[in-house]
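Reading through the structure tokens given below for one structure.
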Amino acid sequence: MLKTLMTTALAAGFATLATVALAENYPAPVPLEDGAQAPIDAIEPKNETFRIAYMPPATEFNYYIAIGEGIKAVAAEAGVEVFMLAPQSGADINGQMGMIQDVLTQDVDAIIFGTHDEFAAAPLLKQAVDKGMAVLMINSDIPNFPTPIHGVVGYSQRNGTHAIADWAIETYGDQALKVGIIEGQPGYHSTERVGGFLDGIEGNDNFDVVVSIDGKWNVEGGNTAGMDILQSNPDLDMIFAANDYMIIGASFAAKALGRNDIVLLGNDGDTSGLEEIAAGNITATVNTSPFLMGKAAMHATIDALNGSYPGGWIETPTSIEDKDGAISVLQEPEKLFPQPSKEY
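According to mature numbering (1 follows the signal peptide of the UniProt record, and there is no 0), the stretch in the sequence shown is residues -23 to -1, 1 to 321, in order.
The structure is reproduced here in structure tokens:
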């Protein structure tokens, strides 16, 4: 397995903490920017048995289902109720906003959410905070959500994709490469992930970015983007995509065009992406351990409802995995969802 890349705060392991009370559940939170932190002491649970809504941006992404499995595991241990509510498509922003509005009318104590449109969600989440709900964002490192919320749980997206750029330079940096980028739908996640990769290759004269287009976060979009990129740039050497679904789609395009020489780099650590790497169809990815992220988010949410979470950003771990590393991760299926298609 390639060397695990973590920040200093995680150097001693995922369970390292500054305080005894939080030591087994998540790293010490980093304060949000001034004005972005909703007060923990204003949270007012309505139910004796906490009722928590998990609201990812879509059910089409197994990544968010894996986060949900981590959330459910902690909920079962703690004896709290959790339910998931999300549109099928990550592009269905209006659908997600309608679901948040619906949850606002229910006896819900907390919302764990992810969204592809922070500004559309902000007014509704302000209402949730004003109602005394605990509100935490998942799969993000945003320090200043457009309205104050109680916490953010996720990996450093810019650092993660910077790390895979570093890996690419270490592995291929002595070659002159033409690079294509597949972005996600416009928003914070795409900006940070693409930005981290671009920061990582900046100043390296051998990496020449010749095209960057939207792949809509899904396999179909990645396939369309990959086909467009490869057909318009037949001398392309490498594609970086902002998530694993899009790089899987791009790999299908490369295969259809007979381009088995393309370096394909993703981001997420989805089971499907890891299996594609193990099979040799994708080169490497940023593994962001979504199951562990879900567990950390649920622990923090329960602590917020109990008044013992201080608020802030909880950073979860990442590593860069090529074929050998992907196989090692797949050999721990209890930490993955969905389960691998076979035993590794």
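All C-beta atoms, glycine included, are put in the ideal place defined by N, C-alpha and C. Since we're looking at a predicted model, the values are computed, not measured.
Residue i versus residue j - alpha carbon distance
i    : j    : result
D84  : L175 : 44 Å
D280 : M61  : 20 Å
A277 : K232 : 43 Å
P210 : H139 : First, the residue type needs correcting, since residue 210 is Asn and not Pro in the sequence shown. Cα to Cα, the separation comes out at about 24 Å.
E309 : G302 : 12 Å
E10  : P120 : 6 Å
I159 : D214 : 14 Å
A153 : A230 : 23 Å
G67  : E37  : 7 Å
V51  : A111 : 17 Å
H166 : P33  : 14 Å
Y40  : K319 : 19 Å
D18  : G284 : 6 Å
K193 : Y3   : 31 Å
L101 : L81  : 8 Å
G109 : Q65  : 28 Å
T148 : K300 : 14 Å
A20  : L282 : Here the sequence assigns Ile to residue 20, which means Ala is not the residue at that position. One C-alpha to the other measures close to 7 Å.
Y306 : G246 : Inspection of the sequence shows that residue 306 is occupied by Val rather than by Tyr. Straight-line Cα distance between these residues: approximately 9 Å.
T26  : I190 : 46 Å
D69  : G161 : 14 Å
V171 : G289 : 24 Å
Y132 : G56  : 27 Å
K103 : G12  : 13 Å
D249 : I146 : With the sequence shown as reference, residue 249 is identified as Ser, and Asp is not the correct amino acid for it. Approximately 25 Å, taken between the alpha carbons.
S228 : T201 : 11 Å
G150 : P8   : 37 Å
V130 : D238 : 37 Å
G128 : G72  : 24 Å
D212 : P22  : 58 Å
V188 : G203 : 11 Å
N181 : L113 : 38 Å
D205 : E311 : 38 Å
Whole-angstrom C-beta distance between residue j and residue i, which should lie under 8 Å
i    : j    : result
P294 : S266 : 6 Å
I29  : V59  : 5 Å
G257 : Y222 : The Cβ separation is near 19 Å, so there is no contact.
N183 : N220 : That pair is no contact at about 25 Å.
G137 : H93  : In fact, because the Cβ distance is near 18 Å, the residues do not count as touching under 8 Å.
K155 : D185 : 5 Å
F314 : E46  : 4 Å
I77  : A99  : 11 Å between Cβ atoms; not a contact.
P317 : E252 : 6 Å
N24  : D86  : 6 Å
L269 : R236 : That belief does not hold up - the Cβ atoms of L269 and R236 are roughly 35 Å apart, past 8 Å.
A105 : A63  : Contact doesn't hold; Cβ gap of about 16 Å is too wide.
Proximity of residue i and residue j at Cβ, strictly below 8 Å
i    : j    : result
P123 : E169 : no
T260 : L234 : no
V263 : I141 : yes
I291 : P6   : yes
Y31  : I48  : yes
W144 : I297 : yes
V196 : I178 : no
I115 : A15  : no
G157 : S117 : no
G271 : I44  : yes
Y321 : A218 : no
G75  : Q134 : no
According to DSSP, residues forming a beta bridge with residue i
i    : result
Y154 : Before going on, a small fix: residue 154 reads as Leu here, not Tyr. DSSP lists F184 as partners of L154.
E160 : D191
Residue i beta carbon near the ligand NAD (any heavy atom closer than 7 Å)
i    : result
S117 : Within the structure as shown, the ligand NAD is missing, as the structure has no ligands at all.
Entirely enclosed alpha helix (DSSP H) segments - the region 67 to 140, minimum 4 residues: Fully enclosed alpha helix (DSSP H) runs of 4 or longer: 70 to 81 and 95 to 107.
Every unbroken alpha helix (DSSP H) within the region 239 to 319, with a cutoff of 4 residues, ordered by chain: Listed in chain order, they are 248 to 255, 267 to 283 and 300 to 307.
Start-end ranges of the alpha helix (DSSP H) lying completely within the region 13 to 77, minimum 4 residues: List check, alpha helix (DSSP H) in window: 39 to 55.
Contiguous beta strand (DSSP E) assignments of at least 3 residues, all confined to the region 166 to 231: Runs of the beta strand (DSSP E) inside the region 166 to 231: 184 to 191 and 215 to 218.
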